[in-house]
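Going by this note's numbering, the letters in the sequence shown line up with residues 14 to 310, in that order. Don't be surprised by glycine CBs; every beta carbon is placed ideally from N, CA and C. Notes follow the structure.
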Amino acid sequence: MRAIWKGSISFGLVNIPIALYPATHREELRFHLLRSRDLSPVNYKRVAQTDGKEVPWDQIVKGYEYEKGKYVVIKEDDFKRVDVEATQTVDIQSFVNLEEVSPLFFHKPYYMEPQKGGDRAYVLLREALEGSGKIGIAKVVIKTRQHLAAVKPQDEGLMLELMHFPDELRDVDEFKKPREAKISKKESDMARSLVDSMTEKWDPDRIKDDYREALEEMIEDKIAHGGKSVGKAPSRKHPPNVVDLVAVLEQSLRPKGGTSSGGKRRPAAKAKKAAGKKRTSGGASSRKKTSRAKKAA
Numbered sequence: 014m015r016a017i018w019k020g021s022i023s024f025g026l027v028n029i030p031i032a033l034y035p036a037t038h039r040e041e042l043r044f045h046l047l048r049s050r051d052l053s054p055v056n057y058k059r060v061a062q063t064d065g066k067e068v069p070w071d072q073i074v075k076g077y078e079y080e081k082g083k084y085v086v087i088k089e090d091d092f093k094r095v096d097v098e099a100t101q102t103v104d105i106q107s108f109v110n111l112e113e114v115s116p117l118f119f120h121k122p123y124y125m126e127p128q129k130g131g132d133r134a135y136v137l138l139r140e141a142l143e144g145s146g147k148i149g150i151a152k153v154v155i156k157t158r159q160h161l162a163a164v165k166p167q168d169e170g171l172m173l174e175l176m177h178f179p180d181e182l183r184d185v186d187e188f189k190k191p192r193e194a195k196i197s198k199k200e201s202d203m204a205r206s207l208v209d210s211m212t213e214k215w216d217p218d219r220i221k222d223d224y225r226e227a228l229e230e231m232i233e234d235k236i237a238h239g240g241k242s243v244g245k246a247p248s249r250k251h252p253p254n255v256v257d258l259v260a261v262l263e264q265s266l267r268p269k270g271g272t273s274s275g276g277k278r279r280p281a282a283k284a285k286k287a288a289g290k291k292r293t294s295g296g297a298s299s300r301k302k303t304s305r306a307k308k309a310a
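Next comes the structure, spelled out in structure tokens:
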């Protein structure tokens with residue numbers, strides 16, 4: 014993987030040579046616009062709204078709409094007048110306690126890899142941040158744009174996480190707040206019990222992108238069946254309105270497959286019979302799917 018940026022971390026008189034690498038990636042499934050009758054790709058065109066005519070690149074300028082329908086043209090020289098100096102430096106302005114910074118500020122992480130001659134200072138900074146619970150608040154220019162950023166310890170290394178500037182965040186007062194409600198002790202205790210019962214050790218490997226997997230499976234099915242639709246779309250489940258919160262919490266806390274102490278249990282024979290039917294139908298379905306896949310191959 015190629016570094017997207019090379020420079021150094023700077024704070025006080027300390028300079029640590031580093032390189033930045035994206036810490037995340039998202040491979041979107043790309044779809045093309047096609048003409049329905051012959052599946053010919055449809056290209057995007059730059060069309061003027063006033064007359065519907067296509068506009069060549071050499072006749073296009075950038076403009077800022079300062080009033081509805083009124084624009085001022087901004088040229089390249091205008092952008093250069095406000096351009097910030099690209100110093101190739103992660104310039105740490107100060108150190109703050111991580112717990113004091115709202116998670117809303119953070120939005121894009123990068124791995125910071127130490128470069129030749131910077132290992133000792135890199136480790137020293139990482140250990141200082143990790144031991145103090147602090148992060149470095151910095152400014153950095155990446156691809157001509159200045160960003161607010163945080164330098165954070167991460168495992169055995171450091172991360173640079175780009176941040177939103179304060180004026181980019183919406184004020185929470187813009188949104189409707191919940192009305193005051195008196196919560197009973199029973200409701201509170203049961204809500205905590207439900208949280209405790211669903212608490213488990215964090216394991217990111219268990220988390221999958223269900224939508225992407227379902228989309229890929231649908232595309233594979235359509236390819237195997239010559240572009241024809243296979244199956245019906247699942248019906249959407251609408252959550253019921255919660256009226257009796259305690260009753261819903263009690264139901265959520267019951268063991269899966271069990272009933273309350275006063276309820277009737279399902280006869281064992283019927284349960285076994287139902288399970289057998291489920292396995293049989295599941296096996297048949299699986300065999301049919303495998304047979305279809307072989308024929309398609």
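Who are the Cβ neighbours of residue i in its own chain at under 8 Å, not counting the five residues just before and after it?
i           : result
residue 68  : 59, 60, 61
residue 107 : 149, 150
Reducing DSSP to helix, strand and coil, say where residue i ends up.
i           : result
residue 236 : helix
residue 20  : strand
residue 179 : helix
residue 44  : coil
residue 208 : helix
residue 116 : helix
residue 106 : strand
residue 307 : With a pLDDT of only 39 at residue 307, under the threshold of 50, the placement of this residue in the model should not be trusted; the figure read from the coordinates follows. Helix, per DSSP.
residue 14  : coil
residue 144 : helix
residue 213 : coil
Buried or exposed: residue i, going by 16 or more other Cβ atoms within 10 Å of its Cβ?
i           : result
residue 164 : buried
residue 31  : buried
residue 244 : exposed
residue 135 : buried
residue 220 : exposed
residue 154 : buried
Do you know whose CA, among the options, lies nearest residue i's CA?
i           : options           : result
residue 211 : 85, 267, 83, 193  : 267
residue 29  : 139, 115, 220     : 139
residue 184 : 106, 115, 39      : 115
residue 130 : 241, 22, 240, 242 : 22
residue 158 : 222, 168, 177     : 177
residue 127 : 34, 240, 264      : 34
residue 247 : 262, 224, 205, 63 : 224
residue 265 : 228, 209, 239     : 209
residue 39  : 93, 50, 121       : 121
Ordered along the chain, which non-local residues of its own chain (more than five positions away) have a Cβ less than 6 Å from that of residue i?
i           : result
residue 142 : 166
residue 118 : 176, 177
Hey, residue i and residue j are a contact pair by Cβ (cut 8 Å); roughly how many whole angstroms apart?
i           : j           : result
residue 162 : residue 103 : 7 Å
residue 147 : residue 110 : 6 Å
residue 175 : residue 160 : 5 Å
residue 20  : residue 72  : So it is not a contact: roughly 38 Å between Cβ atoms.
CB-CB under 7 Å to residue i, same chain, minus the five flanking residues each way: which ones, in chain order?
i          : result
residue 45 : 54
residue 87 : 75, 76, 77
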